[in-house]
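There are 2 protein chains.
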Amino acid sequence: MTSAFDFAPLLPAGLPAPAARWTGLAKYSFVGGNNDPEQVPVEGLIDAANAVLRREGKTLATYGLASGPHGYRPLREFLTAKLKRDAGIDCVADDILIVSGSLQALDLVNATLLARGDTVIVERETYQGALNRLTRLGVNAVGIPLDQEGMRMDALAAALADLKRHGVTPKYIYTIPTVQNPTGTIMPEARRAELLKLAAQYGVPIFEDDCYADLIWDGKRPPALYAMGRNRGVIHIGSFSKSIAPALRVGYIVAPWEMLSRMLALKTDAGSGALEQMVLAEYCAPHFTSHVPKLTRGLRAKLDTLMEALDEQFGTAAEFRDPKGGIFLWVKLPDNVDTLKLYQAALAAGVAINPGPEWSTDKAYAGSRLRLCFASPSREQIREGVAVLAEVCRREFGVPSRIANVEKQVRA
Amino acid sequence: MTSAFDFAPLLPAGLPAPAARWTGLAKYSFVGGNNDPEQVPVEGLIDAANAVLRREGKTLATYGLASGPHGYRPLREFLTAKLKRDAGIDCVADDILIVSGSLQALDLVNATLLARGDTVIVERETYQGALNRLTRLGVNAVGIPLDQEGMRMDALAAALADLKRHGVTPKYIYTIPTVQNPTGTIMPEARRAELLKLAAQYGVPIFEDDCYADLIWDGKRPPALYAMGRNRGVIHIGSFSKSIAPALRVGYIVAPWEMLSRMLALKTDAGSGALEQMVLAEYCAPHFTSHVPKLTRGLRAKLDTLMEALDEQFGTAAEFRDPKGGIFLWVKLPDNVDTLKLYQAALAAGVAINPGPEWSTDKAYAGSRLRLCFASPSREQIREGVAVLAEVCRREFGVPSRIANVEKQVRA
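So the protein sequences, as listed, match chains A and B. Heads up: the first sequence is residues 1 to 412, going by the numbering used here. Heads up: the second sequence is residues 1 to 412, going by the numbering used here.
Right, dumping it as structure tokens:
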């Protein structure tokens, strides 16, 4: 009875591997949706917390702040105005469900629509968290290649026709049309119209993930698919993680009541965190539109630093396109570089990167690609981290050439 | 293409019924784990938010606040001290996982241990949210009757033996030993030892839900099962919902790494809300031990009001035992009262109650019982709400007798 209890025989089949012990953040971290610590609007959040707690703090005694299961009403009211202004979305507060980050949005949409063995369509390169969830659920993800305008409509049309020939109706088309993750493209309005037409033609809903859409260098974006979809066959999700701060776990879903009522039945968490919703609503209503351009200017400067560092350290060995916004750069290295191996070697040297195969349905295509997130490290850390990454890559794969490295040492 | 998109053909089998539109809180609400609005420590939370945001606000730019996936480290450090002091639990910060309320704790423990068709043991009267989750997962819940000291060990021993004869090993024994929901009992230390012995004998882990354990009138409680369990076969969960405020969605799990590492692999939400964790840690470290006795004094006064109102309005028709703590009273009405029907009729009259069958594995036994939560309504609302409830009950079921009602009118 005093020997340690053994839980192992009780575990059900199909659990994911246990987590490893956390060992801290890498010295040079180019992973995760982290943001710039210097750009968290700390004073604004303090003022907001003071004001909203003093005015409404007592409502914390009630689950859902007496705003009901959709979430704090003033935050939903801010969102209806914001979504109208930025994304052309006409909706009311009850069309919005506040969730615990857009990850809970992914889980709720998936739980409402997917069963093991189902098929969905995704962008070939896409958010790792979306892909991992589909794998876990036993859902087949068909990847559609992208170009500079996002998901390619010729390839989508071919995939839909092919699936139909095989009697398969995909459960949704998942797209990140506005600052695509990881490629950074923005789908133009004309292509959005094509996408909506194809989706309607085949009876497939669109799952629009707009969680990076606030971070666009020139602030201009096409209307959301949700706004353009006349048949209401679009589920739209967004987040405050990128525009304010990721450790605040607040996202939202905009969907027809037919779907929201299903998701509400599955959201059995007694509401998302109220204090975060209250502080966000209080801060964002007056400050969101001035905060975001300031944030994006800072992010753009970090991106410039990253691209300069890559040019300097990797020369022509690193290929990338200047993204239109966001917090990440999608980089192609020479074909002989295996970024899964590079990831391991770089991590041992203190540099964390996202290896391409984790962000794509086509592991071979993405094998020499990687994602670098630039919002969190300082500009100095970006320069140093890219230099270390280049050294590791040269040691492991012979690229970039020594010349670039010598140049770096001269400059240092 | 312009007719509305129909999601219905895409929905998988087995979804719960869609949610109904929210219509607001009842005028007299005796349901839900809501707390007393007057007892939310608003000024303390404001001071905590100011201090912690000014000192550490920039860390909101990083998922998990650079504290790793277990949650904000200062909150886990507060908890190690609190759990040692209050519950006799010896643990370190990395034995604790901060979660989004104890509901996420239930989901993570269930996801780690349960598969469809499994069997678990629960207290016959128990938390509705736990029962609903088991139903949804297709898990068989065997209910063990309670007495004034909580789960009855003779009945547990018989159930374990019976299951063993049928070749069934239950996946866990779920218990709320410290202020049981809904009966309000506290399991004495001797019975805890018996429970641990039985669990070890049959190789069944204990799932200890201590989320009401802070709210005890005399402040005295036996050590947690987790503290007493020498074989580490106990998973312990708790919450700040009852001690501070329920709209803050912060709970925790204490478990051996063997299990925490499994739960971490399933907690794919990028961490629970950071601001709530920060504010709680900052507030609780200096103020928790003075806040809680003040809170419980107020709750005890409301319970007294509720019990007086029941005596006055229902006379001998309402039977109940004075609970040792908590926010709810478990009430027996005459056998002819069907509390599921009473629930509907009372709601139409503006009074929300929890009908007994939703809180028990034995629907017949619980059919004339109900749960009344007393923390949220004011003392005046308690008196008025119980009077309305008595009138509805008399109209629908003929009890309480008219005499009690006449008395009430005289007093009013």
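Where a beta carbon is used, it is the ideal one built from N, C-alpha and C, also for glycine.
With a threshold of 8 Å between beta carbons, residue 63 of chain B makes contact with chain A.
Under the three-state reduction of DSSP output, residue 278 of chain A falls in the helix class. Only exposed fits residue 189 of chain A, as fewer than 16 other CB atoms lie within 10 angstroms of its CB.
Under the three-state reduction of DSSP output, residue 360 of chain B falls in the strand class.
Per DSSP, the beta bridge partners of residue 373 of chain A are A:328. By the 16-neighbour rule on beta-carbons within 10 angstroms, residue 22 of chain B is exposed. Nearest C-alpha to residue 236 of chain A among A:79, A:8, A:380: A:79. Proximity to residue 17 of chain A across B:29, B:266, B:294, B:116 peaks at B:266, based on C-alpha coordinates.
Taking the Cα of residue 260 of chain A as reference, the smallest distance to any Cα among A:76, A:30, A:95 is reached at A:95. Pairing residue 198 of chain A with residue 156 of chain A, the inter-Cα distance amounts to about 8 Å. Judged by DSSP in its simplified three-state form, residue 123 of chain A adopts strand. Identification of chain A residues near residue 17 of chain B by a Cβ-Cβ cut-off of 8 Å yields 265, ordered along the chain. With a 10 Å radius around the Cβ and a threshold of 16 neighbouring Cβ atoms, residue 344 of chain A comes out exposed. DSSP, read as helix, strand or coil, puts residue 307 of chain B in helix. Shown here for residue 204 of chain A: same chain residues with a beta carbon closer than 6 Å to its own, the five before and five after excluded, namely 170, 173 in chain order. Counting of Cβ neighbours within 10 angstroms places residue 286 of chain A among the exposed residues, the total staying below 16. Residue-level contact check: residue 46 of chain B touches chain A, since one or more beta carbons of chain A fall below 8 Å from its beta carbon. Between residue 374 of chain B and residue 310 of chain B, the C-beta spacing is not below 8 Å.
Boundaries of the beta strand (DSSP E) harbouring residue 141 of chain A: 140-144, taken from the DSSP string. Taking 8 Å as the cut-off, the beta carbon of residue 117 of chain B is found closer than this to the beta carbon of residue 138 of chain B. For residue 48 of chain B, the CB contacts under 6 Å within the same chain, skipping 5 residues up- and downstream, are 279, 282, 283 in chain order. In the DSSP assignment, residue 261 of chain A falls within the unbroken alpha helix (DSSP H) covering 257-266.
Excluding five sequence positions before and after residue 271 of chain B, the CB atoms of its chain that fall closer than 6 Å to its own CB belong to 63, 64, given in chain order. Residues of the region 310-334 of chain A with a Cβ closer than 7 Å to any Cβ of chain B: none. Among the CB atoms of chain B, none fall inside 8 Å of the CB of residue 342 of chain A. Residue pairing by DSSP places residue 234 of chain A opposite A:206 in a beta bridge. Within the region 221-250 of chain A, the residues whose Cβ lies closer than 7 Å to any Cβ of chain B are, in chain order, 230, 231, 232, 233, 245, 246, 247, 248, 249. Per DSSP, residue 337 of chain A lies in no alpha helix (DSSP H) segment and is marked neither H nor E.
Residue 126 of chain B is not a Cβ neighbour of residue 206 of chain B, given a cutoff of 8 Å.
In this structure, A:382 is the residue among A:382, A:244, A:360, A:313 with its C-alpha nearest to the C-alpha of residue 302 of chain A.
Following the DSSP letters along the chain, one finds residue 386 of chain A inside the alpha helix (DSSP H) bounded by residues 379-397.
Following the DSSP letters along the chain, one finds residue 89 of chain B in no alpha helix (DSSP H), marked with neither H nor E. Just measuring C-alpha positions, the residue of B:209, B:67, B:61, B:215 sitting nearest residue 110 of chain B is B:209.
Between the C-alpha atoms of residue 98 of chain A and residue 250 of chain A there is a straight-line separation of about 7 Å. Under the 8 Å criterion on CB atoms, residue 60 of chain A is classed as interfacial with respect to chain B. The Cβ of residue 293 of chain A sits no closer than 8 Å to any Cβ of chain B.
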